[in-house]
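Novice: The structure follows.
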Amino acid sequence: MSGAGLVLQELVIGYRRVPLLPPISATAQPGRVTVLLGPNGSGKSTLLRTVAALQPALGGSATLDGAPLAAIPPRSRARSLAVVLTDRFDPGLLRGGEVVALGRRPYTGAAGILRADDRAAVERALSALHAESLADVPLAEMSDGQRQRILIARALAQDPALLVLDEPSAFLDAPGRIELLAVLRRIAEDRSIPVLVSTHDVEAALRAGQDGWVIDGRVLRTGTVDALRENVIGPAFATGVVEFDSELGIFRLRRPHSSQPHL
Amino acid sequence: MTTVGAVEGIASEVSPVAVHRRRRTVIAFAAVTVLLVLVLGAALVVGSETVPVRDVLRWLTGSLPADEPSRGLIEQFHLPRALTGVLAGAGLAVVGLVMQTLFANPLADPYILGVSSGAGLGVAVSVLGTGNAAVAFVSTFGVFGRWGTTAAAMTGALVVMGVVLLAGRWISSVVSLLVVGVMIGAAVGAAVSLLLAFADPVRLQKYVLWSLGSLDGTYLGDLVVLGPVVGIGVVLAVLVSPSLNALVLGERYARTMGVRVRGVRVVAIVATSVVCGGVTAFCGPIAFLGLAVPQLARMLLRQADHRIMVPFCALLGAAVCVLCGIVAALPGTAGTIPLNVVTAVLGAPVVIALLIRNRTLGAGG
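Chains as they are written, first to last, in my numbering: chain A, 1381 to 1643; chain B, 346 to 710.
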């Protein structure tokens, strides 16, 4: 399964021919969790949606194990690329297991009938997220965290060669965010696939992420999380009031004498 | 039923929830089938003139003599009404379900969103606008004949459906979309009024009566048109039902699972317009059935899978519509009341209950 992973070459993202950032070149390696960091509104979701071929690139390419993702027919693409979005929806009477089973859609025939290997994939996905007990629970009755686990299990059921997640921890509490990243790390390792996850939670990303893509102003900087911690994260997120402590990996208020916060 | 088995397999072979759900599905299907048979039997018996049950049984076994007055009553009035009810009810319920998923909105329905009004305008243009002097309204159908009027109704439905769907892409709020539907309904109503203002008074009265909804205006010959029309719509709905399941998660999620959303949407729109146009041409714009039946089906089945919901809604819609037709015929009296009076009495409380309980009953399947 392991190939070159996800490779962006001079990829230009944006809307209506207006680029959001200069051309991006970066790699997400198989077996590793790559965290996409950046302040709100910096273009994280646009980048992920472009990678997922949900919106067209303005230039350049995103290839997965050598194949350009945008050129693959939708059904085959859904077998190699699975996505967890921030989109909210009304689940009605859908139950956890049914949602995960939808992930087999790119493999099943016109009637959507699950065969034994489809059911096995669903079961594997549920157990990877420790969500077996949620199979019969209606989504409408789940907590945000449980719902998120089901949606990630649904993506895993697609047996993807690349897993992309947009802000999956937005509605989770602090321990939940770290735990989620740990789960993603195990998924990346077990399946030898790249996992690309955006978050604006820098602290959790630094604790549980491995590689990082950081949108710093209008530039994407890449490297291991440890390397980025030293001299990229701080400038990218610091404001007049808050500074980044690269040793502890946390944000804190600037001391009054080190700068003049306008409070 | 495949998903019932599938989910069972996921949980474990003895998951009590899954077993319970399968049993519920089987019982619900059996019950609604029995209900449909019963109301069909009743529909053959009752009407402005009652046919003795004995005669209906003899007719069913083919032993009712041709010169018996009951025979004419059954074959010319009661049977067409019953079969029209089956087709209209099944079609509208399935189309209502499809629209609710397509709009991600539990209140979507061809009548509320103005699609039936669009079909009505098509009929009005075809019949009132052609200057045809025919007096009998539904049976004569202007210069274009049955197919022509049906096609005009479908076109009207298609146009409104397209406009509302387009509006729905920018308007996510349930209430705003309903307002759009009401506005389109009002605009279309104005156009119809304009046509009526210049229409011959006799035809005007016929149009008004038709617009109140009725299952009585059809002859067995009309079912040659209505049958295939509803059949096509239901088959199309069945074909897209696995994709509709994925669409419950939203358009973008569906796309990431390989669903060709645009194609599914086109098929769903065509199915809706065909069924709504066909039914409206023959029965008038029937209110609330498309909304109430899928919701009723959800309450009975507690299921989201469209592959189960589509056939169930068809059966339940048929039974409910035939039943409404029986009530509208005011058994034992010479008069009838408009079908929409009956369906509104059933449907209005469902709409109100939905607006109140909007969180618990979703659009999902």
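The C-beta atom is built at its ideal place from N, Cα and C for all residues, glycine as well.
1) Are the Cβ atoms of S461(B) and P639(B) separated by less than 8 angstroms?
2) What runs of the alpha helix (DSSP H), each 4 residues or longer, lie entirely inside the region 1492-1551 of chain A?
3) Which first and last residues belong to the alpha helix (DSSP H) in which I701(B) is found?
4) Under 8 angstroms, CB to CB, which of the residues in the region 592-604 of chain B have a partner in chain A?
5) Does R643(B) have its Cβ less than 8 angstroms from a Cβ in chain A?
6) Closer than 7 angstroms by beta-carbon distance: list the chain B residues that pair up with V1463(A), in chain order.
7) Just checking, does the region 492-511 of chain B make contact with the region 425-441 of chain B on the three C-beta pairs under 8 angstroms criterion?
8) At a Cβ cut of 7 angstroms, what residues of the region 434-461 of chain B count as close to chain A, listed as they run along the chain?
9) With three or more beta-carbon pairs closer than 8 angstroms as the criterion, would you say the region 602-610 of chain B touches the region 1449-1465 of chain A?
10) If I follow the unbroken beta strand (DSSP E) through E1559(A), where does it start and stop?
11) From E1559(A) to I1573(A), what does the alpha carbon distance come to, in whole angstroms?
12) Any idea if D1581(A) is buried or exposed, counting beta-carbon neighbours within 10 angstroms, 16 or more meaning buried?
13) With a threshold of 8 angstroms on Cβ separation, who are the neighbours of G623(B) within its own chain once the five nearest residues in sequence on each side are excluded?
14) Spell out the partners DSSP gives Y1395(A) in its beta bridges.
15) Could you spell out where the alpha helix (DSSP H) holding V440(B) opens and where it closes?
16) In whole angstroms, what separates the C-alpha of V547(B) from that of V509(B)?
17) Any C-beta of chain A within less than 9 angstroms: which residues of the region 647-672 of chain B qualify?
18) Quick test of the definition: if touching needs 3 or more C-beta pairs under 8 angstroms, does the region 1456-1470 of chain A touch the region 1493-1511 of chain A?
19) Quick one: what's S538(B) bridged to in DSSP?
20) Using the three-state DSSP reduction, which class does L1416(A) fall into: helix, strand or coil?
21) So, for R1565(A): in the same chain, excluding its five sequence neighbours on each side, which residues have a beta-carbon less than 6 angstroms away from its beta-carbon?
22) Can you tell which of R1587(A), T1430(A) and G1620(A) has the C-alpha that lies nearest to the C-alpha of T1604(A)?
23) At which residue ranges does the region 1463-1490 of chain A contain complete alpha helix (DSSP H) runs of 4 or more residues, listed in the order of the chain?
24) According to DSSP, is L523(B) helix, strand or coil?
25) Check whether the Cβ of A478(B) lies closer than 8 angstroms to any Cβ atom in chain A.
26) Using DSSP with H/G/I as helix, E/B as strand and the rest coil, what is F482(B)?
27) So that I know if they touch, is there some Cβ in chain A lying closer than 8 angstroms to that of P587(B)?
28) Look at the alpha carbon of L589(B) and the alpha carbon of P410(B), and state the distance between them as a whole number of angstroms.
29) Around the Cβ of N1611(A), are there at least 16 other Cβ atoms within 10 angstroms (buried) or fewer (exposed)?
30) Name the residues in the region 1553-1585 of chain A whose C-beta lies less than 8 angstroms from a C-beta of chain B; which are they?
31) Could you pull the start and end residues of the alpha helix (DSSP H) that L571(B) belongs to?
32) Please confirm whether A1537(A) and G1477(A) have their CB atoms less than 8 angstroms apart.
33) Would you identify the three-state DSSP class for Q550(B), choosing helix, strand or coil?
34) In terms of alpha-carbon separation, which member of L700(B), A689(B), G677(B) and L691(B) lies closest to E394(B)?
35) If you reduce the DSSP assignment to three classes, tell me which class K1574(A) lands in.
36) By the 10 Å Cβ neighbour count, where 16 or more other Cβ atoms means buried, how is N685(B) classified, buried or exposed?
Specialist: The structure says:
1) no
2) 1496-1508 and 1524-1537
3) L684 to I701
4) V593, L594, G595, R597, Y598, R600, T601, M602, G603 and V604
5) yes
6) T601
7) no
8) A449
9) yes
10) Segment A1554 to R1571 is the alpha helix (DSSP H) holding E1559(A); no beta strand (DSSP E) there.
11) 19 angstroms
12) buried
13) Result list for G623(B): G436, T495, A498, M499, V570, L571, V574, V575 and G578, in chain order.
14) V1398(A), per the DSSP bridge assignment.
15) L424 to L447
16) 33 angstroms
17) R647, Q648, A649, D650 and R652
18) no
19) Note: S538(B) sits in no beta bridge, so no partner.
20) L1416(A) carries a strand assignment under DSSP once its states are collapsed to helix, strand and coil.
21) V1413
22) R1587(A)
23) Complete alpha helix (DSSP H) runs here, min 4: 1476-1482.
24) Correct three-state label for L523(B): helix.
25) Only weak support is given to the placement of A478(B): the predicted model assigns it a pLDDT of 37, under 50, and the question is left unresolved by the model.
26) For F482(B), the predicted model reports a pLDDT of 44, less than 50, meaning its position is unreliable; a value from the coordinates is still stated below. In the structure shown, F482(B) sits in a helix (DSSP, three-state: H, G or I).
27) Under the 8 angstroms criterion on CB atoms, P587(B) is classed as interfacial with respect to chain A.
28) Cα to Cα, L589(B) sits roughly 50 angstroms from P410(B).
29) exposed
30) none
31) L568 to L592
32) no
33) Looking at Q550(B) - three-state DSSP - the assignment turns out to be helix.
34) G677(B)
35) Here the sequence assigns Pro to residue 1574(A), which means Lys is not the residue at that position. Three-state DSSP puts P1574(A) in coil, outside helix and strand.
36) buried
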